[in-house]
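One structure below.
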Amino acid sequence: LLILCSSILQIVDASRLYHSVRGQSVFKLYVIFNALEIADRLCSSFGHDILDSFFAKADSQDSILVVSTPTHFFLAAAYILIHTIVLFYQCITLNVAINSYNNALLTLLVSNQFAEVKSSVFKRFAMENLFQITCSDIVERFHLSLFVLIIALRNMVELSGSSLLSWSSLLPWSWSWSWFWSWSWSWSSLTSLPALPHTWSILLDSILGPCLAVIACEIFVDWLKHAFITKFNHIRPTIYGRFADILATDLV
Numbered sequence: 001l002l003i004l005c006s007s008i009l010q011i012v013d014a015s016r017l018y019h020s021v022r023g024q025s026v027f028k029l030y031v032i033f034n035a036l037e038i039a040d041r042l043c044s045s046f047g048h049d050i051l052d053s054f055f056a057k058a059d060s061q062d063s064i065l066v067v068s069t070p071t072h073f074f075l076a077a078a079y080i081l082i083h084t085i086v087l088f089y090q091c092i093t094l095n096v097a098i099n100s101y102n103n104a105l106l107t108l109l110v111s112n113q114f115a116e117v118k119s120s121v122f123k124r125f126a127m128e129n130l131f132q133i134t135c136s137d138i139v140e141r142f143h144l145s146l147f148v149l150i151i152a153l154r155n156m157v158e159l160s161g162s163s164l165l166s167w168s169s170l171l172p173w174s175w176s177w178s179w180f181w182s183w184s185w186s187w188s189s190l191t192s193l194p195a196l197p198h199t200w201s202i203l204l205d206s207i208l209g210p211c212l213a214v215i216a217c218e219i220f221v222d223w224l225k226h227a228f229i230t231k232f233n234h235i236r237p238t239i240y241g242r243f244a245d246i247l248a249t250d251l252v
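Residue numbers (UniProt numbering): 1 to 252.
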């Protein structure tokens, strides 16, 4: 399944998708991001059932069920392909928002995240519902961290102006050994440190700043949402320790 979907995804032109999203306005960018988030949740919901059904059919030894195995394989491959395209498009949309020169990133994140808080904090939740929300937030934060890592590496490559020939080409020149030797570090220079190089300023402003803002906003909104949910539903915070034990048991 993974090899087949990876081979098909080689046809997708990332540059064309990036420029098609980049040409949209801030409002359309907000609508696209929300639509992709809804599509991601729908794919995740249907994907568990499709993959569970496929693996159940593949492991079954009943001759009657062998006929339907190719059908389940086709459905599983179609699901993985569609969900991968949705995540790929979501990563490109986030990349456009991070690299924008206006307040599109801040508007996109704040409005989208606080809409999630509004839809959650004033509802009654049982333990099972809170566990599902916690698992969903874990997956969402993992996706966002992975997207931010990919975007940061991509921006570092663009700023360095070099190709992916080696790991050192991913890093700015200020991270290389030549830069450290050029400063001629000595014991006397420790008392008077030099000014921050221009490359580090670009790294902080153009790459780390927006990426850290995305992660910090996600963590703050999740913390605020769960704080209100536990307060209004009279749930002790120690329940999250039980959730961690359940997830660890399922993983083992």
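All residues carry an ideal CB built from backbone N, CA and C; glycine is no exception.
message = Using the Cβ count rule (16 or more neighbours within 10 Å means buried), how would you classify Pro237?
response = exposed
message = Which same chain residues end up closer than 7 Å to Leu17 when comparing Cβ atoms and leaving out the 5 residues on each side of it in sequence?
response = Tyr89, Ile92
query = Counting pairs of beta carbons, one from the region 223-232 and one from the region 140-147, are three or more of them closer than 8 Å?
reply = no
request  = Taking Arg242 as part of the alpha helix (DSSP H), name the residues at either end of that continuous run.
outcome  = First-last of the alpha helix (DSSP H) with Arg242: 239-251.
message = Here's the rule I'm using: 16 or more other beta-carbon atoms within 10 Å means buried, otherwise exposed. How should Ile11 be labelled?
response = exposed
query = Which first and last residues belong to the alpha helix (DSSP H) in which Gln90 is found?
reply = 69-98
ask   = How big is the Cα-Cα spacing for Val31 and Asn112?
value = 10 Å
task = Check whether the Cβ atoms of His72 and Asp40 lie closer than 9 Å to each other.
result = His72 places its beta carbon 9 Å or farther from that of Asp40.
task = Taking only the alpha-carbon atoms, compute the straight-line gap between residue 315 and Asp222 and give it to the nearest angstrom.
result = For the chain, the structure presents residues 1 to 252; residue 315 sits outside this window and is missing.
message = With H, G and I counted as helix, E and B as strand and the rest as coil, what does DSSP make of Gly209?
response = Helix, per DSSP.
query = Among Gly209, Leu81, Val252, which has the Cα closest to the Cα of residue 265?
reply = With the chain running from 1 to 252 in the structure shown, residue 265 is simply not present.
inquiry  = Which residue marks the beginning of the alpha helix (DSSP H) containing Val21, and which one marks its end?
reply    = Boundaries of the alpha helix (DSSP H) harbouring Val21: 14-22, taken from the DSSP string.
task = Spatial neighbours of Tyr79 within its chain, please: CB distance less than 8 Å, with the 5 preceding and 5 following residues excluded, ordered by chain position.
result = If we look at Tyr79 and ignore the five residues flanking it on each side, its Cβ neighbours are Cys43, Phe46, Gly47, Ile50, Leu51.
ask   = Under the three-state reduction of DSSP, which class applies to Asn233: helix, strand or coil?
value = In the structure shown, Asn233 sits in coil (DSSP, three-state: anything other than H, G, I, E or B).
query = Measuring from the CB of Cys211, is there a heavy atom of the ligand SAM at a distance below 8 Å?
reply = Looking for the ligand SAM in the displayed structure turns up nothing, as the structure carries no ligands at all.
inquiry  = Would Arg141 and Ile219 be called neighbours here (beta carbons separated by less than 9 Å)?
reply    = Yes, Cβ-Cβ distance for Arg141 and Ile219 is below 9 Å.
message = Could you tell me the alpha carbon to alpha carbon distance between Ile246 and Ser20, rounded to whole angstroms?
response = About 43 Å.
request  = Give the DSSP-derived three-state secondary structure of Val33 in the structure shown.
outcome  = Val is not the amino acid found at residue 33; the sequence shown has Phe there. Helix.
request  = Measure the C-alpha to C-alpha separation of Phe114 and Gly23 and round it to an integer number of angstroms.
outcome  = Going by the C-alpha atoms only, they are around 26 Å apart.
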